[in-house]
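Notes for the one structure printed next.
Number of protein chains: 2
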Amino acid sequence: MARAQTLSRNQQIVLDIIQKAKGPLKAYSILFNVQKKGINAPQQIYRALDKLIGMGKIHKIESKNAFVACRSSDCEISKATAFSICESCEMVDEISDTKLSKYLSGFNHKKGMKFKRFNLEFFGICKKCKKD
Amino acid sequence: MARAQTLSRNQQIVLDIIQKAKGPLKAYSILFNVQKKGINAPQQIYRALDKLIGMGKIHKIESKNAFVACRSSDCEISKATAFSICESCEMVDEISDTKLSKYLSGFNHKKGMKFKRFNLEFFGICKKCKKD
DNA sequence: CTCAAATATGTTATATTATAACAAACGTTA
DNA sequence: TAACGTTTGTTATAATATAACATATTTGAG
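Protein chains in written order, with the working numbering: chain A, 7 to 138; chain B, 7 to 138.
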C-alpha cells in the first residue's frame, strides 16, 4: 500500500519551505534554498513536488509554474482547486468557496465528458497593490 | 493605434497552423512545422503567439504549455476561458457556456479582489477514449 | 508626401523548467 | 530475511521560454 501519511525526508524538506513561504515558489528557487540540506539536483525537487501534489499537500499554479501549500480542506486531494492571483505582486490565494466548488464539480460538458478534476485561476490586482 | 484586425506574415502563418490542427500545439512543434516557410527561431514563434493571444485568436492551455485556436465568440479577448481536457488522448475542447461564463465573471473574492480575467481547465476522459 | 514612431522581423545566445536513465539505499511486510 | 516497492543520489539532456541587439516594414500625423 502507498504511504499516504508519512513524508520522506526530502518531501518534508520541500513541504516545509513551501509552507513557510509567503507566496508561490518555483522549483529551482526551492532547489537553491535547500542545497545546504544536501539536496543537489532538480530531480530531487521535482520528485518531492510530484508526491506532495499527489497527496494534496501542495498545488501547482499552472500559469506561473510555481507551487503553493494547500490551505484548504475542501480540495480533496487536489480534485477541485481555485486560486486568486494578483498580476502585480504575484500573490496567490487559494479560494475555498463551497458554492463555487459544488457548482463546478457538478458542471458537465455537453459533449458527454465526465470531469474528474478542475483547476480555476482568477487574475486581477489585489487590494494592497491597488493602493500603490 | 494598435493594428487590431490585420495579421502580420508570421502571425498569419502561426495562426493558420494552429487553426488547422486537430489538437493543441506546442511552440516548438509549431516551429518545426514552419521552418520551410523561413521561420527559424523560437523567438519568432513566441512573438507571434503572444500577439495572437492578445488578440484573442488563440488561447494557451496552461497545464499543457500548448496552444489552441479560439472557437468561441464568448471569450471576449481571452478574459474568460474554459476548457475540457482529456487526460488520455490530450484532446482539448473550448467550453462556451454562457451560464458558466456569467457565473464566474460575477464571482468575486471575499478578500476584496476584483477579477479581470479567469481561466478554467476541466480534466477527465473523453467519450472516445472511454470506449477503448 | 515624408519623416518619426510603432510594430514586426531576423538572429544569436542564454535562461528557465522539466524529464530520462541508471545505480544504490531504505522500509515494509509476507 | 528475502522480495518488493519506494526513495535517494547523480549525471546528462530535453523542452520551454526570454534577453538583447540590429534591421526592416508599416502607419499615421503633420
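Yeah, the Cβ is synthetic: ideal placement off N, Cα and C, and Gly gets one too.
Contact set between A/L2 and chain B, taken where Cβ atoms lie within less than 7 Å: Since the first and last residues shown for chain A are 7 and 138, residue 2 of chain A lies out of range.
Between the CA atoms of A/E96 and A/N71 - distance to the nearest angstrom: Distance between the alpha carbons of A/N71 and A/E96 is about 12 Å.
Boundaries of the alpha helix (DSSP H) in which B/D56 is found, first to last residue: Per DSSP, B/D56 is one residue of the alpha helix (DSSP H) stretching across P48 to M61.
Positions along the segment 51-71 of chain B whose CB lies within less than 8 Å of some CB in chain A: Against chain A - using a Cβ distance shorter than 8 Å - the residues of the segment 51-71 of chain B are E68 and S69.
8 Å Cβ cutoff, B/F2 in contact with chain A: Because chain B in this structure spans residues 7 to 138, residue 2 of chain B falls outside the shown range and cannot be described.
Neighbour-count burial assignment, B/G130, 16 or more Cβ in a 10 Å radius: Around the beta carbon of B/G130, a 10 Å sphere encloses 16 or more other beta carbons of the protein chains shown; the residue is thus reported as buried.
Backbone CA spacing between A/T12 and A/I23 [nearest angstrom]: When rounded, the distance between both Cα atoms is 17 Å.
Neighbour flag for A/K133 against chain B, beta carbons, 8 Å: At a cut-off of 8 Å between beta-carbon atoms, A/K133 makes contact with chain B.
Any chain A beta carbon closer than 8 Å to B/I36: So no, B/I36 is outside the interface.
Outcome for A/K63 when other beta-carbon atoms lying within 10 angstroms are tallied against a minimum of 16: So A/K63 ends up on the buried side.
CB contact check: B/F129 to chain A, cutoff 8 Å: Using beta-carbon distances, B/F129 counts as an interface residue toward chain A, with a partner under 8 Å.
Any chain B beta carbon closer than 8 Å to A/G44: Using beta-carbon distances, A/G44 does not count as an interface residue toward chain B, since no partner is under 8 Å.
Bridge partners - B/R123, DSSP secondary structure assignment: According to DSSP, B/R123 bridges with A/F129.
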